[in-house]
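Trainee: Here's a structure for you.
Numbering (our numbering), first residue to last: 322 to 556.
Put into structure tokens, the structure is as follows:
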């Protein structure tokens, strides 16, 4: 599903990624961890095509030309609640925006589309807020709305950049339950997180980054929280 070959990326004179080599298989729940500034968010932005690498190759679905596959990918960026809180858009309208890449900007939404909105909001415990203005919701509720927007298109590749930051425990529990449901549908999931205790229960593959490089890739069973803290946070 995802393959990076000798990928590097820089912000002006700062190297953010250094010769990244990575493979993520279909149906895997892959977690990216590491300290702040290690390149995690840059890595998923390169995978999504937000950033073009300075060198190297990014393959999605086995191809270098990604345009045909954009409709199969959903991305939940970091700090999605930093939008204009006064913008007059409802929860329902926000979720429907997730269908625009598939339907186009000038086609209306069908009764089936509206039914899908209700179904995904029900799963995320948001159905009672369907007609409410998005900016009136709490941070955790807003995060769940944006996750609903990402899921309504039924993506084959779901990428989330720190989706649990700033959300309450209830939202976090709902999120992990939903990710497991998506994994059962063979959705490939790539998630950046600092929640290293929870990931051992959910992840198939853990990618540990530091200073723009991948130091280790391992399964959840091989991942040691104690060793992780020693390597990444202790001199």
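Every residue gets a Cβ at the ideal spot worked out from N, C-alpha and C, and that includes glycine.
In this text, all values refer to a predicted model and were calculated from it rather than measured experimentally.
Could you tell me the distance, in whole angstroms, from the CA atom of residue 548 to the CA atom of residue 500?
Mentor: In the chain shown, counting from the first residue as 1, residue 548 sits at position 227. In the chain shown, counting from the first residue as 1, residue 500 sits at position 179. Rounded to the nearest angstrom, the two C-alpha atoms are 26 Å apart.
Trainee: Under a three-way DSSP split, which group does residue 533 fall into?
Mentor: Taking the chain shown and counting its residues from 1, one reaches residue 533 at position 212. Reduced to three states, the DSSP call for residue 533 is coil.
Trainee: What did DSSP end up calling residue 340 once you bin it into helix, strand or coil?
Mentor: Within the chain shown, numbered from 1, the residue matching residue 340 stands at position 19. Residue state, collapsed to three classes: strand.
Trainee: Between which residues of its own chain and residue 324 is the CB-CB distance below 6 Å, once the five residues before and five after are set aside?
Mentor: Here residue 324 refers to the residue found at position 3 of the chain shown. Cβ neighbours of residue 324 beyond the five flanking positions: 344, 380.
Trainee: In the stretch 453–510, which residue ranges form an unbroken alpha helix (DSSP H) of at least 4 residues, counting only runs that do not cross its ends?
Mentor: For the stretch 453–510, whole alpha helix (DSSP H) runs of length 4 or above, ordered along the chain, are 460–472, 490–505.
Trainee: Alpha carbon to alpha carbon, what distance is there between residue 532 and residue 420?
Mentor: To locate residue 420, count along the chain shown from 1; it is residue 99. To locate residue 532, count along the chain shown from 1; it is residue 211. Approximately 36 Å, taken between the alpha carbons.
Trainee: How would you label residue 361, buried or exposed, when you count the other beta carbons within 10 angstroms and need 16 or more for buried?
Mentor: Stepping through the chain shown from its first residue, residue 361 is reached at position 40. Looking at its Cβ environment, which holds 16 or more other Cβ atoms inside 10 Å, residue 361 is buried.
Trainee: What are the boundary residues of the alpha helix (DSSP H) that residue 432 is part of?
Mentor: Indexing the chain shown from 1 puts residue 432 at position 111. Taken as a continuous stretch (DSSP letters only), the alpha helix (DSSP H) holding residue 432 covers 432–444.
Trainee: Using C-beta distances below 8 Å, list every residue in its chain close to residue 530, excluding the 5 sequence neighbours before and after it, in chain order.
Mentor: Walking along the chain shown from the start, residue 530 turns up at place 209. Result list for residue 530: 353, 354, 355, 359, 360, 361, 364, 536, in chain order.
Trainee: In terms of DSSP beta bridges, what is residue 368 paired with?
Mentor: As a first step, residue 368 must be located in the chain shown, where it is residue number 47. In DSSP, residue 368 forms no bridge with anything.
Trainee: What's the C-alpha gap between residue 466 and residue 449?
Mentor: Stepping through the chain shown from its first residue, residue 466 is reached at position 145. Stepping through the chain shown from its first residue, residue 449 is reached at position 128. In a straight line, the C-alpha of residue 466 is about 12 Å away from that of residue 449.
Trainee: Ends of the beta strand (DSSP E) at residue 324?
Mentor: To locate residue 324, count along the chain shown from 1; it is residue 3. Note, residue 324: beta strand (DSSP E), 323–332.
Trainee: In whole angstroms, give me the CA-to-CA distance for residue 504 and residue 429.
Mentor: By one-based count along the chain shown, residue 504 stands at place 183. By one-based count along the chain shown, residue 429 stands at place 108. Distance between the alpha carbons of residue 504 and residue 429: 30 Å.
Trainee: What's the gap between the Cα of residue 411 and the Cα of residue 340?
Mentor: On the chain shown, residue 411 is found 90 positions in, with the first residue counted as 1. On the chain shown, residue 340 is found 19 positions in, with the first residue counted as 1. Computed Cα separation, rounded: 43 Å.
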